[in-house]
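Contents: one structure, followed by commentary.
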Ligand SMILES: NC(=O)c1ccc[n+]([C@@H]2O[C@H](COP(=O)([O-])OP(=O)(O)OC[C@H]3O[C@@H](n4cnc5c(N)ncnc54)[C@H](O)[C@@H]3O)[C@@H](O)[C@H]2O)c1
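Given below as structure tokens:
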């Protein structure tokens, strides 16, 4: 069956739609594409992909990939899932909507969610193409984390093949629960990781503002230190110096709230997912 699949990509002209479609287009699977926006339709045409309607694409598809924004998943799965054939698979690209019970659920279908990890900051990139591929899905290997929202032993290995292909090159597809995938994304990745990444930029800009140094000077010092901080902390490659440890303690006390671990509580996860999906609250 996995050699002879029909896959429909809904939202093929969006950011993820363009990425996963480019990889799926190169397979022997029968892949069809749908898209609503004129700009998205044009982007697909430029890549040699014809856009058809959801009504044409979905009824005989084995797998339907929803590459639509999370805030639209409730409405779009409500439109599209009733068109799907019995026994087929829904594949979404982020856990938020599944976690918040926003997907239109239908008995007899299998629901899987898979998120790319992006290539590791420690990936040994040996080609210009790997170096340029910061997001992943083109040249730099990454991983993917997947969860079965409804269990299916039949679909799991097929889903893994599709996930590894659409996010390829992929080193490994890890499996977890929808809840734990939501702890990774948004909590670990966005609430914390992306926030700290942007915070590093904000503090660098502020250092330029309050000193006589230009941005190049500040960057020269800071970028090297960001890397050594990551390798020391995450890989244990060098110990932090004794004086550095004291400064780190001072910084943590000045900036980090004592109760930071609460963002791992389900109550907090519900709040951030509700904000992301523009909901009043999450019903689980
Ligand atoms: N953008 C990222 O960096 C990223 C990374 C990982 C996962 N994701 C996930 O991928 C999914 C898509 O996000 P995105 O950022 O690519 O969104 P996007 O807004 O870039 O694209 C969504 C596309 O869906 C189209 N669309 C909307 N309703 C449609 C319908 N009924 N039929 C056909 N097409 C329709 C829109 O026209 C648009 O082109 C989300 O679940 C998101 O969480 C995004």
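Residue numbers (this note's numbering): 3 to 286. We put the beta carbon where it would ideally sit given N, CA and C, even for glycine. As the structure is a prediction and not an experimental result, all values here were calculated from the model.
Closer than 8 Å: residue i CB and nearest ligand 1 heavy atom
i           : result
residue 36  : yes
residue 33  : no
residue 114 : no
residue 18  : yes
residue 75  : yes
residue 118 : yes
residue 44  : no
residue 98  : yes
residue 69  : yes
residue 193 : no
residue 276 : no
residue 82  : yes
residue 78  : yes
residue 72  : yes
residue 54  : no
residue 137 : yes
residue 15  : yes
residue 94  : yes
residue 39  : yes
residue 147 : no
residue 160 : no
residue 164 : no
residue 12  : yes
From the options, residue whose alpha carbon lies closest to that of residue i
i           : options               : result
residue 130 : 123, 245, 137 and 142 : 142
residue 94  : 110, 284, 74 and 85   : 74
residue 170 : 157, 162 and 140      : 140
residue 35  : 148, 46 and 88        : 46
residue 37  : 62, 30 and 10         : 10
residue 179 : 100, 67 and 283       : 100
residue 124 : 232, 108 and 214      : 232
residue 225 : 211, 234 and 202      : 202
residue 5   : 176, 51 and 32        : 32
residue 98  : 89, 114 and 88        : 114
residue 268 : 283, 51, 246 and 220  : 283
residue 53  : 71, 85 and 20         : 20
residue 26  : 210, 109 and 164      : 164
residue 96  : 67, 220, 110 and 23   : 67
residue 18  : 58, 29, 72 and 8      : 72
residue 30  : 272, 8 and 220        : 8
residue 118 : 230, 49, 191 and 217  : 191
residue 148 : 187, 51 and 136       : 187
residue 174 : 121, 156 and 213      : 121
Backbone secondary structure at residue i - three-state DSSP
i           : result
residue 120 : coil
residue 230 : helix
residue 103 : coil
residue 200 : helix
residue 142 : coil
residue 242 : coil
residue 54  : coil
residue 31  : coil
residue 210 : helix
residue 112 : strand
residue 169 : coil
residue 36  : strand
residue 236 : helix
residue 137 : coil
residue 11  : strand
residue 125 : coil
residue 163 : helix
Chain D within 9 Å of residue i, Cβ atoms only
i          : result
residue 73 : Looking at the structure shown, chain D is missing, and only one protein chain is on hand.
Three CB pairs or more closer than 8 Å across the stretch 234 to 241 and the stretch 142 to 156: Segment contact: the stretch 234 to 241 against the stretch 142 to 156, fewer than three CB-CB distances shorter than 8 Å; contact not assigned.
Segment contact, 8 Å Cβ cut-off, at least three pairs: the stretch 80 to 92 with the stretch 57 to 66: With a cut-off of 8 Å, the stretch 57 to 66 and the stretch 80 to 92 count as touching, because enough Cβ pairs lie within range.
Stretch-stretch touch, CB-based, cutoff 8 Å, three pairs: the stretch 66 to 81 with the stretch 243 to 257: At 8 Å Cβ cutoff, the stretches do not touch.
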